[in-house]
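Residue numbers (the working numbering), protein chains in the order written: chain A, 2 to 642; chain B, 3 to 502; chain C, 35 to 139.
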Amino acid sequence: MTSFSFTVLIVLIPLFVFLFVGLLGHKMKPIVSGIIGTSGLAIAAILSYFTAYQYFFNTEKIGGAYQKILAFNTVWLQFTDKLHIDMGVLIDPISVMMLIVITTVSLMVHIYSIGYMKGEKGFARFFAFLSLFSFSMLGLVLATNIFQMYIFWELVGVSSFLLIGFYYTKPSAVSASKKAFIVTRFADLGFLIGILILSFNTGTFDFISLTNVNGAAIATGSGIAFLGLSTMTWSLILVFMGGAGKSAMFPLHIWLPDAMEGPTPVSALIHAATMVVAGVYLVARLFPVYAISAPDGLMVVAYVGSFSSLFAAVIACTQYDIKRVLAYSTMSQIGYMMVALGVSGYGGHEGLGYMASMFHLFTHAMFKALLFLGAGAIIHSVHTNLMTEMGGLRKHLPITHITFLIACLTIAGVPFLSAFFSKDEILTAAYHSNKLIFVVQLFVAGLTAFYMFRLYFRIFWNKDTHYHHTPHEAPLTMTFPLIFLAIASIFSGYIPFSEFVSSDSLPFETEIEWWPIAIPSIIVGLLGISLAYILYKKESTLPHRIASSVKFFYTSAFNKFYFDEIYMFVTKKIIFNYISRPVAWFDRHIVDGFMNSLAWITNVTSVKIKGFQSGQLQQYAFVFISGAILLGILFIYLFSI
Amino acid sequence: MDILSFLVIIPVLTVLGIIIAKDPKHTRIISAIGMGLQLILAAYLVFAYLGERNAGNIAEMLFRQDYMWYANLNIHYSVGVDGISVAMIALTAVVVFAGIFASWKVDFLPKEFFISLILLSTGVFGFFISLDLFTMFLFYEIAVIPMYLLIGIWGSGPKEYAAMKLTLMLMGGSALLLVGILGIYTNSAPDGGALTFNILEIAKVHIPIEAQRLFFPMTFIGFGILGALFPFHTWSPDGHASAPTAVSMLHAGVLMKLGGYGAFRVAIFLLPDAAQELSWIFIILTSISVVYGAFGAIVQKDLKYINAYSSVSHCGLVLFAVLMMNKTAMDGAILQMISHGLMTALFFALIGMIYGRTHTRMINEMGGLMKVMPFLGVAYVIAGLASLGLPGLSGFVAEMTIFFGAFQHTDVFHRVVTIVAVSSIVITAVYILRVVGALLFGPIKNPHFEHLEDAKWFEKLSTVTLILAIAAIGIAPLWLSNMIGTSLQPIIDKLSMIIP
Amino acid sequence: MNNGIPIEYFLVTATLMFFAGVYGFITRKNLITMLMSVELMLNSVNINFVVFNRYLFPGQLEGHFFSLFVIAVAASEAAVAIAIIINIYRNFQSIDVEKTDEMKF
């Protein structure tokens, strides 16, 4: 048995880098902090690769299954005798896979940022935050228990907040960061309550005992509790709410498009490749619990995922800001992963969806990071986010063009690129489980191909726009990550994923089902691409005419189906005006008014009473004499009887 | 050696030193040295306490001293500490130390200012070490009275009104409390024998349930007023808003904790049956406090008001957890007191520093301060994140312990109110981010703010002390939680005898 | 008893005098007049003393002594009161009782 205790370093190195650069960054030259940050991550990445190698190839399997290894564990806080929060490192197939995804993408983003952020104010701060994020994300995936995951979950949220609001003098960035934090915080409330209920029922936070298929934890709380669902199902649905918030699932998705206010490398790292898939990872982590004791919870996951992917894909077809298109595309792809988990069963081939989800997570991280970094390179050279102000860029940005094209082909599901394989597995899983979802996902695949190529053609072909400064290709620090990720996007599909990741940790075989899955999906993809080709290859008015023919639908999609407005209404109008203001008023005028009125009554009484001391001698005499007479009468009355 | 009495003697000596001091500079230095010593002593006390415990001393209270000072009524000066009081003493020492540096630039009657401030802290230290109800009450009054002067003389805004309101409401609480204490005293020997004020001895007897029903609400509300129990919290916004920086820090940071500490050491510990019986009323009130304070904070415009309402919410959580009456929740309550004490002190210190520069506390007049004063800005963000419960800072540890403790109850009522209380974390996030966004981020609105200075050395010292304490608890909470947990055992034992 | 005038005559006279004094004391604004009202009340009491002594305890003299005593006190009191009134006049340029309310509240 190999010792994995060194894996603690993978988490701790970024933390030290964060503290070091964060505290001393302003004293160093900017580039130094960049190099420190990047090399810290490079070490973490090397350690991760080493871990993966050790785990998958040099560690003994028991009964052919990969074991969960507790590489490190220490009690952090003790609640009760049974409930305690541990801090530790859990090594198992999905955490190792996530290690690779995170460190790879993060390293690429670090390298890219050295070029992209050059000359920006707060360069050191940026790298400190990136390290903080990497630390939190790595801690999240390596968590040994659900509470440790929650802790890092929150830390990830705050690093995302800090990075979205990186340009803190820009009001839109500030409000976007606020929105992201509050929306995810709201979702985390569900997560927390879910943990409360879950831990109360099972008496443990620990993933290993929670997900032990034959364990006691998984069998608890199965009685019907509320609205026809069991306690376990409710707790898992609430936990999923947390995941849905982080992963921008409908209806908690509204923060993601706005989060694009952050610097583009951040969007690539956090809002495309790593943090937003945390929700998928969370469900995958608890998958045995979902699959065995709360199948209804999985249904919710599947339908939410499916609807989100459709919803986002429709909106993505109408947006003009390239980062927003990519953001909606991310949401749509995460929907795919959720669907895959939702339709999956537990064990062997039944667990195909689980494996497909992880597979897609992996390939998606590569090609979506590539898309964002490519978009960053474009924005960097033309200084705008709007695709309407672009066109004909293929001549100016050759490397970006090629890599972007590769990414677009990948996401469109063109055969033999990575996403083809992973998407195919998802569709297979859906086909065998729920035909309705299969049809929806197939349609979304076509939409995906369409909007990605709409983007591609608008940027690189279409009209030849005149630019103020001739756009020029980005420096090597920026193109290297593009090339690296392009290669990864092409070839990562050939990893025999089912050998490594499966719902019950037992390797199994998969093969492509050409009919009725792969071929329709290819056809749909090609249809989407051709439609985009017709509409956007050359400048034409056709798209505009189509848009006006379905005007109502188009404007609602363009306005994101007015979800922002609904949320604004709820927060601004209801919470601010109808709850908080009345509360504040009530406090000032009723509660405090009551206290003040006590004081006022005392005061008034005192004023009245002091009137008796008028200083008028004759009044005193009058009172005195009246009193004496009254007393006299009283005594006479009393004693004369 | 009587280590505990030193905690009272050092501040008194410091006060004497200040009286002799010639000019303001000496005053400040003497205060700083005195409170520095106090901080060292508190740190030493923590280690000495842990050392004793590790050496196997299982007495309920350590470092006991006992002197009779009024034999007719059997009143003692009786001191002793357990893990809870040690933790509270450490908190007080940190906050007072930071408070001295935060008020480094007080130039109106500095001598009198520092005398009152340190006198106040004497009362607080005395309160935490006392085991005799009467002496405890005495120190409580010593802590409350200087507050009137501090707000009335050195305050801002409608200071006389605020000082008067605060003092009167707290005095009202004191009156209830005094009756409650005397009630406990007269029932302290139901089987005959000498009446006593000593907490440990009272804890051994069983006070008749009728007396408990009468005196529990009195003591609980009496302490609850200081702990900002809804609807007796309204002194807090006005008081905090008018108080000078160090006083807000001490008041929100430490003095409000006297309420929580007393509620649980006197009301719950000595009157457990009635506590059990009547807790539901107060649980409802405190859960209202929690949510109501948070909603109230959302629309405030003045930084100090926001914090005052936030304190109502957070201190509500303290009392809420105390009333849950199980070990985890109570542990959380103490942690929350410490955590809130530190972070609210940090908040008020920063608000004071920002106000000293911008001369306004209205958030809509500010903006973009992060750019001109990065140190204060970062510190403010850290305080905010601690307040909204970010893991790695103290607030998270305390809140989670409370929530998980409270959720251990199996009945629906306790669990529903727990979920209500949990939902406050979202509202907290809303108002904290609103303030942080409006205050620090965005473009600079007022051109005068372009040339403001960042923190000076003494301000940095004050801030960093508090931040270090917050982060230390947040990162490694286990020892503190255990220290408190073991000391809670006698209380839990006493309660478990009653709970059917 | 001996001279045939019933006691009620004296008592009614004394009562009328007393209440005339009370009325004067309460309604008159001039301090001197108020002093005179006080004297009136004192004298009505004197009458009562003498009358009750004479009618109830004819063999004793306490009532007579008391009334002499009251006359002496009234004289000294009048002296003191007039001194005070003079001082008040110096301070307020008036001896109107309604103006002497400095000590109120």
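Where is the CB? At the ideal position from N, CA and C, for every residue including glycine.
Under 8 Å from the C-beta of residue i: neighbouring residues of chain A
i, result
"Gln302(B)", "Ala585"
"Phe59(C)", "Gln619 and Ala622"
Chain-ordered neighbours of residue i on chain A, where CB pairs are closer than 9 Å
i, result
"Met372(B)", "Tyr169 and Thr170"
"Thr360(B)", "Here the premise fails: no neighbours, minimum Cβ distance about 17 Å."
"Pro445(B)", "Thr170, Lys171 and Pro172"
Contacts of residue i in chain E (Cβ-Cβ under 8 Å)
i, result
"Val79(C)", "No chain E is present in this structure, whose protein chains are A, B and C."
Range of the contiguous beta strand (DSSP E) that encloses residue i
i, result
"Ser80(B)", "Ile77 to Val83"
Own chain residues within Cβ distance below 7 Å of residue i, not counting five before or after
i, result
"Asn200(B)", "His78, Ser80, Leu133 and Asp134"
"Ser34(A)", "Val22, Gly26, Phe124, Ala125 and Phe128"
"Ile238(A)", "Gly298 and Val301"
"Ala357(A)", "Ala341, Ser423, Glu426, Ile427 and Ala430"
"Tyr307(B)", "Pro239 and Ala243"
Opposing strand residues paired with residue i [DSSP bridges]
i, result
"Phe73(A)", "Val90(A)"
"Asp322(A)", "Leu387(A)"
"Ala66(A)", "Ile63(A)"
"Gln79(A)", "His85(A)"
"Met364(B)", "Asp304(B)"
"Gln67(B)", "Val81(B)"
"Ser345(A)", "Paired residue(s): none; Ser345(A) is not in a bridge."
beta-carbon residue i near the ligand NAP non-hydrogen atom, thresh 7 Å
i, result
"Val399(B)", "Inclusion of the ligand NAP in the displayed structure is not the case, the ligand content being empty and no account of it being possible."
Beta-carbon contacts of residue i that lie in its chain and below 8 Å, excluding the five residues immediately before and after
i, result
"Lys496(B)", "Ala205, Phe271 and Pro274"
"His253(B)", "Met149, Gly241, His242 and Ala245"
"Ser114(A)", "Gly35, Phe127, Phe128, Leu131, Pro264 and Pro266"
"Met220(B)", "Leu178, Leu179, Val181, Gly182 and Gly185"
Amino acids of chain B, ordered along the chain, whose beta-carbon sits closer than 8 Å to that of residue i
i, result
"Ser581(A)", "Phe297, Gly298, Ile300 and Val301"
"Gln79(A)", "Leu480, Ser483, Asn484 and Gly487"
Contact set between residue i and chain A, taken where Cβ atoms lie within less than 7 Å
i, result
"Phe409(B)", "Leu197 and Phe201"
"Val56(C)", "Ile626"
Same chain only: Cβ atoms within 6 Å of residue i, ignoring 5 sequence neighbours per side
i, result
"Leu372(A)", "Leu327 and Ala408"
"Phe136(B)", "Ile77 and Phe199"
"Thr430(B)", "Ala296 and Leu390"
"Ile494(B)", "Lys329"
"Phe52(C)", "Met75 and Ser78"
Span of the alpha helix (DSSP H), counted from its first residue to its last, around residue i
i, result
"Leu441(B)", "Ser426 to Leu442"
"Arg124(C)", "Glu96 to Phe126"
"Asp275(B)", "Pro274 to Ile300"
"Gln620(A)", "Leu618 to Ser641"
"Asp565(A)", "Phe564 to Met569"
"Glu73(C)", "Leu65 to Leu90"
"Glu401(B)", "Ser396 to Ala408"
"His242(B)", "Trp237 to Ser244"
"Lys247(A)", "Thr232 to Lys247"
Exposure of residue i, with buried meaning 16 or more beta-carbon neighbours within 10 Å
i, result
"Lys561(A)", "buried"
"Thr330(B)", "buried"
"Leu632(A)", "exposed"
"Arg124(C)", "exposed"
"Glu212(B)", "exposed"
"Tyr579(A)", "exposed"
"Leu482(B)", "buried"
"Glu401(B)", "buried"
"Trp154(A)", "buried"
"Leu127(C)", "Checking the sequence shown, residue 127(C) turns out to be Gln, not Leu. Gln127(C) comes out exposed."
"Met2(A)", "Residue placement at Met2(A) is flagged as unreliable, the pLDDT there being 48, under the threshold of 50; the coordinate-derived value follows with that caveat. With fewer than 16 Cβ atoms within 10 Å of its Cβ, Met2(A) is classed as exposed."
Contact set between residue i and chain B, taken where Cβ atoms lie within less than 9 Å
i, result
"Phe187(A)", "Val428 and Ala431"
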